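*Asks:* Numbering (our numbering), first residue to last: 876 to 1071.
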Amino acid sequence: MLAVVPRVLGSLFYYPPHSVPALSAQQDLPSLAEYFSWANPVQIHTLCQALPEPQLEQFSLLFEGIGEMPAPPWGSVYLDPEQIVMGESTLAYRQFLQQHSIEVQLANHEPEDQFGLMLLALAHFLEQEQDSAALALLTDHLLPWADQYLQQLKSACSETDFYYGLAIIAECFLTQLKAHASDKSSFSHEGIVTEC
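Spelled out as structure tokens, the structure:
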């Protein structure tokens, strides 16, 4: 059940709003509070219920690079000293995926370290009960830059925008995962749910 959260969030951070995966995720969003033991489930439930429809124009600006990107969604922009797309951290993440037999084939040759894609990979590891891979993805590849990215994303949106609310939900989710990831011995796809 936990894998539903990164699957829904990942789909909404990666796919255009009119695509089948994003439309499916939008349908699952109102019940997202039920799939994880949130620190503040009432806030998450209210936020999920109140999110407006995502707008294609805003998606294009934030995730497809139409114009200047106010919050680039790729890890290497935040992790590499040169702040470039497809930097060393992208190559390290690509190698990590290959070590875990995940081959990402993207139509537009986008870097694999896109925020939504990383959440989808996390969902895959959780679904497959590959807890050590999920933990490594979080601690080595996603958490080191996610906070900075989500802050920039919120700064690029108004408080009434879909992606502003989505960023808050993702922050809450990753904050709780970070707390569990710090205790590697208790991190598991089941333990996160029962211990929060």
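A virtual CB, placed ideally from N, CA and C, is assigned to each residue, including glycine.
Fair warning: this is a prediction, and the values are worked out from it, not measured in the lab.
Looking at the unbroken alpha helix (DSSP H) that takes in ALA1011, where does it start and where does it end?
*Replies:* Where ALA1011 is concerned, the enclosing alpha helix (DSSP H) stretches over 1006-1011.
*Asks:* Compute the Euclidean distance between the alpha carbons of GLU963 and ASP1022, then round it to the nearest angstrom.
*Replies:* Straight-line Cα distance between these residues: approximately 20 Å.
*Asks:* Alpha carbon to alpha carbon, how far is ALA996 from VAL880?
*Replies:* Looking at the two C-alpha atoms, the distance is approximately 12 Å.
*Asks:* Name the residue from SER1007, VAL960, ASP1036, PRO948 whose alpha carbon lies nearest to the alpha carbon of MET993.
*Replies:* Nearest option by C-alpha distance: PRO948.
*Asks:* When we look at the beta-carbon of THR1113 and count the other beta-carbons within 10 Å, is it buried (16 or more) or exposed?
*Replies:* The chain is shown only over 876 to 1071; residue 1113 falls outside these bounds and no answer can be derived.
*Asks:* Determine the extent of the alpha helix (DSSP H) in which TYR889 is found, giving its start and end residues.
*Replies:* First-last of the alpha helix (DSSP H) with TYR889: 879-889.
*Asks:* Would the beta-carbon of ALA925 fall within 7 Å of that of ALA1031?
*Replies:* The answer is no: Cβ separation not under 7 Å.
*Asks:* On a Cα-Cα basis, can you pick out the residue from ILE919, ALA878, MET876 that is closest to GLY1040?
*Replies:* If we check each option's Cα against that of GLY1040, ILE919 comes out closest.
*Asks:* What residue range does the alpha helix (DSSP H) around CYS1091 cover?
*Replies:* Beyond the ends of the chain as shown, which are 876 and 1071, falls residue 1091; an answer cannot be given.
*Asks:* Look at the Cβ atom of ALA1009, then the Cβ atom of LEU1001, and state whether they are nearer than 7 Å.
*Replies:* Yes.
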